[in-house]
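Per the numbering used here, the very first residue in the sequence shown carries number 1; after that it's consecutive.
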Amino acid sequence: MTPAVVSVSYAEEAVKFSDVADDYWAAAEIYSLVERDIINGFVDGTFRPEQPIIRGQVAILLKGALGLPVPSDLKAFKDVSERSVFAEAVAAVKQAGIFYGSEGKFGVGQAITHEQMASVLVRAFDLKFNPNAEELTVENVTPAHEKNVEILAQNGIITKEELDSFEPKASVSRAEFAVYLYRTLVFVEEKGTFELSIMHTNDTHAHLDKVAKRVTAVNEIRAKKPDALLLDAGDVFSGTLYFNEFKGLADLQFMNLMGYDAMTFGNHEFDLGSQPEGHKGLADFIKVADFPFVSANVDFSGDALFNEIYQGGTISSAPENGNIYGGIIKEVDGEKVGIFGLTTEETVNLSSPGKVSFEDYAEAAQETVDAFEAQGVNKIIALTHIGFDDNPAVDNDLQLAELVDGIDIIVGGHSHTELAAPFVVGKDEQGSKKEPTIIVQAYQYGDYLGTLDVEFDENGEIVGYLGELIDVGEKVADPDAAKLLETYSAKIKEVQNSETGAVAAKELANPRLGNGDPISVRNSETELGNLISDGMLDKAKEFNPDTVIAMQNGGGIRAAIDKGPITLGEILTVLPYGNTLATMELTGAEIIAALEHSVSNAPNESGGFLHVAGMKFTYDSSKSAGERVVSVQVEESDGSFSPLDESKTYVVATNNFTAKGGDGFDVFAKAYEEGRVTDLGLADWENLRDYVVKIGTVEPVIEDRIVDVAGK
Numbered sequence: 001m002t003p004a005v006v007s008v009s010y011a012e013e014a015v016k017f018s019d020v021a022d023d024y025w026a027a028a029e030i031y032s033l034v035e036r037d038i039i040n041g042f043v044d045g046t047f048r049p050e051q052p053i054i055r056g057q058v059a060i061l062l063k064g065a066l067g068l069p070v071p072s073d074l075k076a077f078k079d080v081s082e083r084s085v086f087a088e089a090v091a092a093v094k095q096a097g098i099f100y101g102s103e104g105k106f107g108v109g110q111a112i113t114h115e116q117m118a119s120v121l122v123r124a125f126d127l128k129f130n131p132n133a134e135e136l137t138v139e140n141v142t143p144a145h146e147k148n149v150e151i152l153a154q155n156g157i158i159t160k161e162e163l164d165s166f167e168p169k170a171s172v173s174r175a176e177f178a179v180y181l182y183r184t185l186v187f188v189e190e191k192g193t194f195e196l197s198i199m200h201t202n203d204t205h206a207h208l209d210k211v212a213k214r215v216t217a218v219n220e221i222r223a224k225k226p227d228a229l230l231l232d233a234g235d236v237f238s239g240t241l242y243f244n245e246f247k248g249l250a251d252l253q254f255m256n257l258m259g260y261d262a263m264t265f266g267n268h269e270f271d272l273g274s275q276p277e278g279h280k281g282l283a284d285f286i287k288v289a290d291f292p293f294v295s296a297n298v299d300f301s302g303d304a305l306f307n308e309i310y311q312g313g314t315i316s317s318a319p320e321n322g323n324i325y326g327g328i329i330k331e332v333d334g335e336k337v338g339i340f341g342l343t344t345e346e347t348v349n350l351s352s353p354g355k356v357s358f359e360d361y362a363e364a365a366q367e368t369v370d371a372f373e374a375q376g377v378n379k380i381i382a383l384t385h386i387g388f389d390d391n392p393a394v395d396n397d398l399q400l401a402e403l404v405d406g407i408d409i410i411v412g413g414h415s416h417t418e419l420a421a422p423f424v425v426g427k428d429e430q431g432s433k434k435e436p437t438i439i440v441q442a443y444q445y446g447d448y449l450g451t452l453d454v455e456f457d458e459n460g461e462i463v464g465y466l467g468e469l470i471d472v473g474e475k476v477a478d479p480d481a482a483k484l485l486e487t488y489s490a491k492i493k494e495v496q497n498s499e500t501g502a503v504a505a506k507e508l509a510n511p512r513l514g515n516g517d518p519i520s521v522r523n524s525e526t527e528l529g530n531l532i533s534d535g536m537l538d539k540a541k542e543f544n545p546d547t548v549i550a551m552q553n554g555g556g557i558r559a560a561i562d563k564g565p566i567t568l569g570e571i572l573t574v575l576p577y578g579n580t581l582a583t584m585e586l587t588g589a590e591i592i593a594a595l596e597h598s599v600s601n602a603p604n605e606s607g608g609f610l611h612v613a614g615m616k617f618t619y620d621s622s623k624s625a626g627e628r629v630v631s632v633q634v635e636e637s638d639g640s641f642s643p644l645d646e647s648k649t650y651v652v653a654t655n656n657f658t659a660k661g662g663d664g665f666d667v668f669a670k671a672y673e674e675g676r677v678t679d680l681g682l683a684d685w686e687n688l689r690d691y692v693v694k695i696g697t698v699e700p701v702i703e704d705r706i707v708d709v710a711g712k
């Protein structure tokens, strides 16, 4: 593939190469780069345009084009000597994050392919997707490079004609690279846009084990982009012993340390409302925050605990830390950026808001956007805790983007969605084209730090974006943050050894076939599986009395409980993932389909094997998968059992992992997509702890809830 000729002017007196005539197809770009002092030829006066360009040469060109500083340590890769002519450039491009190398080697003499060139140029010049460009198809490109080829094509650096003959695995010639480098430089110089950088977290739920690594990730971004905003989309509260002990104040220490700019409220921020002190814990949390809180659809005026800090849904361009606003205006690099918050109206049923009330999210959002625009703000971020694709009958980010004009970015939470790449909504609820809204969400528990870079034109419309999730676990812990964490983790270790008050009358085993056990938690009913599913059903009934069945995946049960006093540490070891309790509305036919999937691998193990409460069923493992379930009965309120009605709708409890289709439960995934799943947000380990404490002496038995009739 040879790039198309583009008209470029250059000085006639410039250095000329003996093998690049004025009428050579890439002469203009080559000589323009010579004028910029980026390109030099060889000592014999040639440029060798058709020769493949090697990685070392690319490093030199990018160092010159970007004016990259040279690190003091030139030992960037083990295959590049400090005395090498390429050493400084290679060290510079590595420090800038343009080249990564492989297995500690740079491959200085290796040719660079077209698809590799695309990734290098995107990283070097921080190029973005253009949400307004037409969709393009790239073929035969390695997945790691595919989005970067699209970015070059969207922005005209690769033309449509060139894309048709694009050879991703072919080597790039020196002339070709000169053309693409020149086009990139011109594109960057002429675009005249404002760039906003955002870091974001959501649904961390008091998971602090990786927080010192998150500090490192934030510091690395800020070193490159000091004006980057850091936002949290709620649900800092509830989920681990850190919250039980410190009521969010441990998390807040680290949020203050990292310099968060704003946070909205998740439903779990209202979990303390049922306690005698009411929302004192939340009010105390807010007051000591070194950042403001935003929520346009939550009214705190009914609760006197918030009188001093609730600013009545106003928009402030000079917000005070530890106060609640409908929205705030931040000035970033001379531009005004509006940030407002939204919290799911389902909080009334999911938590204990008490006298705190919730308004319609779409109406509140539109009113706030209008207020921002009236103040001349045309770059607007919605910081939401309503879920990416959560219950459409109530609220979610996809609907918000369609319903409300003027929102540029939605930084979301609540649904614990792992959006590896930003999601773009470019149409309204009628299907008509609208200005794009970019949606991001960073999964859960602080596993990732989300990043988003957005380019706005002079009218405040998004013309470019690029985002990713940074795996926090791969970072090195910040030393100071690690020391701070130790002051809290020491107390947690002490608490883990504390007794719950419940006693196991016997060992509750967690058998596995690989351990020589005759049965497995992943293919058979177990006493521990019954205990966990019973506790799940008991807790779900507190929130929805119509819940009649509970299901726990065997793969989520990770350890046994010893005979004797049950400690918190044991509970956490049995259910270590912090999954939350969810309820699903399923037909009897869907329940049978789920049970078929549960036993499809029996008698072999399957992490999706379901332990059940409130029902019992038989199956025949000698039959073909999908045709194994023989009978299903549901427990009535008087303890009797009745046949499952395939046409009837039942409320079924499970964990959020399974409810979203984990372990291959497509029938549950369909219910989730259709808004028939409600995540109650209660950690599974806390549910089990509460249940065993309620029982006191724990002695579950096998009740023939799950029976394989094969051979009987």
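Where is the CB? At the ideal position from N, CA and C, for every residue including glycine.
Between R676, G664 and L229, which lies nearest to L586 when the distance is taken from Cα to Cα? R676
How would you call S642, buried or exposed, if buried means at least 16 neighbouring beta carbons within 10 angstroms? exposed
Three-way DSSP call (helix, strand, coil) for N655 in this model: strand
Using only CA atoms, which one of F543, S102 and A59 lies nearest to F86? A59
Comparing alpha-carbon positions, which option in Y465, L305 and I549 lies nearest P131? Y465
G64 vs I38 beta-carbon contact at 8 Å: yes
Pick helix, strand or coil for H114, following the three-state DSSP scheme. helix
N396 classed as buried or exposed, judged by whether at least 16 other C-beta atoms fall within 10 angstroms: buried
I'd like to know whether the C-beta of I98 is nearer than 8 Å to at least one C-beta of chain D. Structure shown: chain D not included; a single protein chain is present.
When you compare the CB positions of T451 and M199, do they come within less than 8 Å of one another, or not? yes
In or out: N321 buried (at least 16 other Cβ within 10 Å) or exposed? exposed
Quick one: grab the DSSP three-state call for T204. coil
I need the straight-line Cα distance from H279 to G273, nearest angstrom please. 5 Å
With a 10 Å radius around its C-beta and 16 neighbouring C-beta atoms as the bar for buried, classify A540 as buried or exposed. buried
Looking at C-beta atoms only, is the number of pairs between the region 675–689 and the region 384–402 that lie closer than 8 Å three or more? yes
Contact between the region 283–301 and the region 255–269 is defined here as three or more beta-carbon pairs at a separation below 8 Å; is this criterion met? yes
Length at least 3, wholly inside the region 549–630: the beta strand (DSSP E) runs in chain order: 564–567, 580–587, 610–613 and 615–619
K213 versus V692, D679 and G446, residue with shortest Cα-Cα distance: G446
For F388 and N687, the rounded distance between their alpha carbons: 26 Å
Classify P479 as helix, strand or coil using the three-state DSSP reduction. helix
Could you give the distance in angstroms between the alpha-carbon of D370 and the alpha-carbon of Y448? 33 Å
May I ask you to verify whether the region 126–143 touches the region 460–477, counting CB pairs closer than 8 Å and requiring at least 3? yes
For G450, the three-state DSSP class (helix, strand or coil): strand
What separation, rounded to the nearest whole angstrom, lies between the Cα atoms of L595 and T580? 21 Å
For V701 and E525, believed in contact at Cβ under 8 Å, the rounded distance: Going by Cβ atoms, the distance from E525 to V701 rounds to 10 Å, so no, they are not a contact pair.
Checking the sheet assignment: what are the DSSP bridge partners for A683? T580
Per DSSP, S642 is paired with what? V634
With DSSP as the reference, label G273 as helix, strand or coil. helix
Where S7 falls, given that 16 or more other Cβ within 10 Å makes a residue buried: For S7, the predicted model reports a pLDDT of 39, less than 50, meaning its position is unreliable; a value from the coordinates is still stated below. Label assigned to S7: exposed.
Could you check which residue in V34, D453 and L231 has the C-alpha nearest to that of T204? L231
contact_flag[the region 175–194, the region 427–446] where n(CB pairs < 8 Å) is 3 or more: no
Ends of the beta strand (DSSP E) at V356? No beta strand (DSSP E) holds V356; DSSP gives it neither H nor E.
Tell me the rounded alpha-carbon separation between E269 and V298. 12 Å
Anyone know if the C-beta pair for P168 and T142 falls short of 8 Å? yes
C-alpha distance - Q496 paired with G607, whole-angstrom precision: 27 Å
What number of angstroms, rounded off, separates the C-alpha of L74 from the C-alpha of L196? 32 Å
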